[in-house]
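Remarks on the structure that follows.
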Amino acid sequence: MNTGLAHRARMALLLVPIASAIAISGCASKDDDIDLNAYVDTIEPADVLYNQALANLNSGRLAEAAKKFDAVDRQHPYSEFARKSLVMGAFANYRAGKYDDALAMTKRYIALYPTQPEAAYAYYITGLCYYRQIPDVTREQSMSRRSIAAFSEVVERFPDSEYVEDSKAKIRFGRDQLAGKEMQVGRYYLERKEYLAAIKRFRVVVEQYSNTRHVEEALARLVEANFALGLTNEAQAAAAVLGQNYPDSQWYKDSYKLLQSGGLEPRESAGSWLSKAATAITGGKDGV
């Protein structure tokens, strides 16, 4: 082999690893520069980000506000602004109809800061997210139950909170929905002459939802279903409770007429579950 060619070949082999090392070093340096610049560009003071988020929120730019609040939480974790951003970001997402995102933020806030000033608001937003998703009574009512649970936390944990009165109102609505669902199912069974199944549903309304608008009809339906089964004592007792609490009601007039058709009239039954229910209805009309 020619000596010159052999020398050049050896030099080429020596230079390959050097060139490769230079190339690798150059790529790494370039990548590091890009990552560093990107990092520097995204970091802003917590107060600046927070105020930008508030400005976006006030102007109705909910998506931008949510992103800014999220940026505060990511870039300045465990700071005071991060704490506030969690609950404000939840509110921005709630207003935008992004309930799952809002709930993720409120749950995280409650887990991290259960005793902080914004905790009541976090529970309140949680309740609102479920409340806005409550369907009509013909459908499953898990959202009603979840909203009641969240609003109850506000009422019980933070009795002096500004959100208590609205939470109580929404609890009443949620309970009314649950009672309405029981009534819907009870009527279905009553129409099919499945009286025992119907009675079970109407009894739930009277015992568990005595301060809702459905209790009046539930008592009347108990008169109807028990009368149909020949359970006259129960029918009379239900009519008596109905008359005590709603003497001017059309439901009571219809129930009284039904009993009269069988030679009966309303009569209290001491010791029955209905006599206990009468006390609950009287004492619970204006309660939560």
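Residue numbers -21 to -1, 1 to 267, in mature numbering (1 follows the signal peptide of the UniProt record, and there is no 0), belong to the letters of the sequence shown in order. Backbone N, C-alpha and C define an ideal beta-carbon position, used for all residues, glycine too.
Quiz item: For the 8 Å Cβ check, are there 3 or more pairs between the region 136 to 152 and the region 175 to 183?
Solution: Because the criterion of three Cβ pairs below 8 Å is not met, the region 136 to 152 and the region 175 to 183 do not touch.
Quiz item: Looking only at its own chain, which residues have a Cβ that is under 7 Å from the Cβ of lysine 47, when we skip the five neighbours before and after it?
Solution: Answer for lysine 47: Leu28, Gln31, Ala32 and Asn35, listed in chain order.
Quiz item: Is the CB-CB distance between valine 220 and alanine 256 below 8 Å?
Solution: Closer than 8 Å, so yes.
Self-check item: glycine 241, buried or exposed, once every other Cβ within 10 Å from all chains shown has been counted against 16
Solution: Exposed, since its Cβ has fewer than 16 Cβ neighbours within 10 Å.
Quiz prompt | Beta-carbon gap between alanine 216 and serine 248 smaller than 8 Å | solution = Less than 8 Å divides the Cβ of alanine 216 from the Cβ of serine 248.
Quiz prompt | Three-state secondary structure assigned by DSSP to serine 126 | solution = Reduced to three states, the DSSP call for serine 126 is helix.
Quiz item: Can the beta-carbon of glycine 153 be found less than 8 Å from the beta-carbon of serine 123?
Solution: Yes, Cβ-Cβ distance for glycine 153 and serine 123 is below 8 Å.
Quiz item: If you run the structure through DSSP and keep just helix, strand and coil, what is tyrosine 57?
Solution: Assigned with DSSP and collapsed to three states, tyrosine 57 falls in coil, not helix or strand.
Quiz item: Relative to the alpha-carbon of leucine 238, which residue among Glu195, Asn212 and Thr105 has its alpha-carbon at the smallest distance?
Solution: Selected option, being the one with the closest Cα: Asn212.
Quiz item: Cα-Cα, which of Arg74, Asp26, Leu253 and Asp52 is closest to serine 38?
Solution: Nearest option by C-alpha distance: Arg74.
Exercise. Drop a sphere of 10 angstroms on the beta-carbon of tryptophan 230, count the other beta-carbons inside from all chains shown, and report buried for 16 or more, exposed for fewer.
Key: Burial call: buried.
Practice problem: Decide if lysine 236 is buried, meaning its Cβ has at least 16 other Cβ atoms within 10 Å, or exposed. | Solution: So lysine 236 ends up on the exposed side.
Exercise. Go through its chain and collect everything with a Cβ distance to phenylalanine 70's Cβ below 7 Å, but skip five positions before and after it.
Key: Close CB contacts of phenylalanine 70 within its chain, under the 7 Å cut and outside five residues either way in sequence, are with Ile104 (chain order).
Practice problem: Could you tell me if aspartate 14 is buried or exposed, where buried requires 16 or more neighbouring beta carbons within 10 angstroms of its beta carbon? | Solution: Caution is warranted here: a pLDDT of 46 is assigned to aspartate 14, below 50, making its placement in the model unreliable, and no coordinate value can be reported.
Quiz item: If you check the beta carbons only, do tyrosine 167 and alanine 207 fall under 8 Å apart?
Solution: Not in contact: tyrosine 167 and alanine 207 (Cβ atoms no closer than 8 Å).
Practice problem: Measure the C-alpha to C-alpha separation of lysine 63 and glutamine 54 and round it to an integer number of angstroms. | Solution: Straight through space, the alpha carbons of glutamine 54 and lysine 63 are spaced by roughly 14 Å.
Quiz item: When you compare only the Cα positions, how much space is there between histidine 193 and proline 24?
Solution: One C-alpha to the other measures close to 55 Å.
Self-check item: Helix, strand or coil at aspartate 233 according to DSSP, with G and I counted as helix
Solution: The answer is helix: DSSP assigns aspartate 233 an H, G or I state.
Self-check item: 8 Å contact criterion, which valine 133 and glycine 106 should meet: CB distance rounded
Solution: Rounded to the nearest angstrom, the Cβ distance from valine 133 to glycine 106 is 7 Å, consistent with a contact under 8 Å.
Quiz item: CB isoleucine 127 to CB isoleucine 150, shorter than 8 Å?
Solution: Going by C-beta atoms, isoleucine 127 is nearer than 8 Å to isoleucine 150.
Quiz item: Helix, strand or coil: how does DSSP classify leucine 15 here?
Solution: Note that leucine 15 has pLDDT 36, beneath the 50 cutoff, so the model's placement of it is unreliable and no number is given.
Quiz item: According to DSSP, is arginine 246 helix, strand or coil?
Solution: If DSSP states are grouped into helix, strand and coil, arginine 246 belongs with coil.
Practice problem: Starting from the C-beta of glycine 68, find all residues in its chain whose C-beta is less than 6 Å away, skip the five residues before and the five after it, and write them out in chain order. | Solution: Taken in chain order, the residues that qualify are Ala45, Phe48, Asp49 and Met84.
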